[in-house]
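Offset between the sequence shown (1-based) and my numbering: plus 1037. Inspection log for the structure reproduced underneath, given as structure tokens.
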Amino acid sequence: MFYLSTRDKAIKVLPSQAILNGIAADGGLNIPENFDELKFNPQELESMSNLEISERILGGFFTDFTKEEIKEVVKKAYVGKFPDNDIAPLSAVGDDFVMELYHGPTCAFKDVALSALPHLMIKAKEKNNVDETVLILTATSGDTGSAALTGFADVPGTKIIVFYPKTGISVIQERQMTTCKGKNVNVCAVEGNFDDAQRGVKQIFANAEKLREEMPGIVLSSANSINIGRLAPQIAYYFKAYKELMKNGTIKCGEPVNFTVPTGNFGDILAGYFAKKMGLPVGKLICASNQNDVLTEFFETGIYRSKRPFHITKSPSMDILVSSNLERLICMVAGHEKTKEYMKKLAETGEYKLTSQEHGTMLAEFDSGCANDEETLATIKSVYREHEYLMDTHTAVAWKVCQDWKQTQTDPGVNVILSTASPYKFAGSVIEALTGQKLEDTGFELMYKLHEMTGSAIPESLEAIKDMSPLHNDVTDKNEMQNYIIEKGRN
């Protein structure tokens, strides 16, 4: 198995090199040469454990790792970190199912991938005889940061720098990052939004060779889902959900299941598309957006338009206008040359348009919808009132979009909504939804208030940081990110 750049199929690397590099040499993203070697018969799921599903998927994607190495990675990633080693419990809510991806160390879906990536990275270093320190650069809209910091803290041979927007994330999300311990970690707020931070990181990767001169003994990599080592572990929970639906009698093997995914950077839903390419009977993948509905517009029109108003919403992890992982889908639909052309247009003009054939190919697999803040809060309230099920703001966006989509279908089939974060990470917004009271986001006081109101358990990892003082207080201008990296990389 080789990985190709989305912008040039002549650029090939081995799986371990793709993990180490994070991004292709020409600025594109790494994509599997083909999916023939990745086929997975869903009938096999019934006899497999959750850990075995992850082993099978990672072993298929990273073919220069031995079976023993993959098994070790999976064991270190998940055993003891998730209740009953279950990365994605499935809950029946009304007529649908919610896949809860927030039971890991930082209470967000990013834990599934970022528990595995550090161990993949260590093995990849060994395989490629890399003695230099790997510096992980990551931009986060909220949840990636804390999961990446937790995963890479004090991992030998690595450093990590996380950039996050100074405004627009929750108090608890910020506290999770700024209290993270580890001699190799740095956290820095950026004066700007997530797209500013993400754009800065991508520009730094494009300038990687020059930076090597400034930071001898350092190589750059990423923990964002632009890194295939971060994306591949997420595929497992689609297979795991399908197994559970067969086990509980909801479906028979071969029957399709639809998945609605709240997404901003497109990695989580792309993992579902990869699962379908591997043979999982996925019906529709429904892309759920908040008021920053650039992806909804794209699926409806075939036009991607990033130069549009940016909204700070109640679902901040989706406050994104440039969805990096969409490039992989474009490559699979339009090919490498057209992807290069489209990404050039996006960088220069902020816009590109698919052909009608490309747009039609995409719509055969995907559908979309969006929900604004008012609809999001109303959804949290109605679902709790009708089903006594508490959900966060991102999950509520997906729930609303799923219910709207079902109304357009003669036979909506079986539907799974991905729940990407604990409601306690956004306690202020959840309380506002339930009571109509708009409260200042003080984080921890509201967390206890939500517990008093609902009786649901506060995640231990969130309660643990309540009295911790921030260890990281750095702030930088979006144009000074590279200088910040050079300073920290040399230390």
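Quick reminder that beta carbons are idealized off the backbone N, C-alpha and C, glycines included. All figures in this text were calculated on a predicted structure; none of them were measured in a lab.
- Its Cα nearest to that of residue 1450, the residue 1294 stands out among 1294, 1148, 1197.
- Looking at the backbone, the Cα of residue 1069 and that of residue 1041 are separated by about 6 Å.
- Annotation: residue 1345 is outside any beta strand (DSSP E) and is labelled neither H nor E by DSSP.
- Each of 1292, 1460, 1140 was checked against the Cα of residue 1080, and the nearest Cα belongs to 1292.
- Taking the Cα of residue 1394 as reference, the smallest distance to any Cα among 1359, 1370, 1404, 1140 is reached at 1370.
- The three-state reading of DSSP puts residue 1130 in strand, counting E and B together.
- Taken in chain order, the complete beta strand (DSSP E) segments of 3 or more residues contained in the stretch 1091-1173 are 1127-1130, 1133-1137.
- For residue 1354, there is no enclosing alpha helix (DSSP H), as DSSP marks it with neither H nor E.
- Closest in C-alpha terms to residue 1312, from the list 1110, 1274, 1138, comes 1274.
- Two segments are said to touch when three or more pairs of C-beta atoms, one from each, lie closer than 8 Å; by this definition the stretch 1096-1105 does not touch the stretch 1238-1249.
- Take the alpha-carbon of residue 1419 and the one of residue 1163: they are about 52 Å apart.
- When rounded, the separation of the alpha-carbon atoms in residue 1157 and residue 1290 is 32 Å.
- Going by beta carbons, residue 1262 and residue 1205 fall outside the 9 Å limit.
- Burial check for residue 1121: the Cβ neighbour count within 10 Å stays below 16, so the residue is exposed.
- The straight-line gap separating the alpha-carbon atoms of residue 1317 and residue 1501 is approximately 39 Å.
- The beta-bridge partner set that DSSP reports for residue 1406 consists of 1325.
- The stretch 1247-1264 and the stretch 1216-1225 do not touch, with fewer than three beta-carbon pairs separated by less than 8 Å.
- Its Cα nearest to that of residue 1220, the residue 1508 stands out among 1516, 1513, 1508.
- Distance from the Cα of residue 1170 is smallest, within the candidate group 1177, 1196, 1048, 1184, for 1196.
- With fewer than 16 other beta carbons inside 10 angstroms of its own, residue 1444 counts as exposed.
- Around the beta-carbon of residue 1512, fewer than 16 other beta-carbon atoms lie within 10 Å, marking it exposed.
- Per DSSP, residue 1255 lies in no alpha helix (DSSP H); the unbroken beta strand (DSSP E) holding it starts and ends at 1255-1259.
- Separation of residue 1058 and residue 1331 (C-alpha to C-alpha, rounded to the nearest whole angstrom) is 28 Å.
- A Cβ-Cβ contact shorter than 9 Å links residue 1124 with residue 1087.
- Beta-bridge annotation (DSSP): residue 1511 is paired with 1225.
- As computed with DSSP, residue 1191 is found in no beta bridge at all.
- In the DSSP secondary-structure assignment, residue 1296 is bridged to 1322, 1453.
- In the three-state reduction of the DSSP assignment, residue 1302 falls in the coil class, being assigned neither a helical nor a strand state.
- Boundaries of the alpha helix (DSSP H) harbouring residue 1498: 1497-1501, taken from the DSSP string.
- Secondary structure remark: continuous beta strand (DSSP E) runs of at least 3 residues inside the stretch 1379-1447, in chain order: 1388-1390, 1403-1407.
- Judged by their CB atoms, residue 1471 and residue 1417 are nearer to each other than the 9 Å cut-off.
- Of the candidates 1092, 1065, 1477, the residue whose Cα lies closest to the Cα of residue 1276 is 1092.
- The C-beta distance from residue 1438 to residue 1413 rounds to 10 Å, too long to meet the 8 Å contact threshold.
- The criterion of a C-beta distance shorter than 9 Å is satisfied by residue 1377 and residue 1043.
- Nearest to residue 1272 by C-alpha distance, out of 1150, 1415, 1257, is 1150.
- Boundaries of the alpha helix (DSSP H) around residue 1371: 1363-1371.
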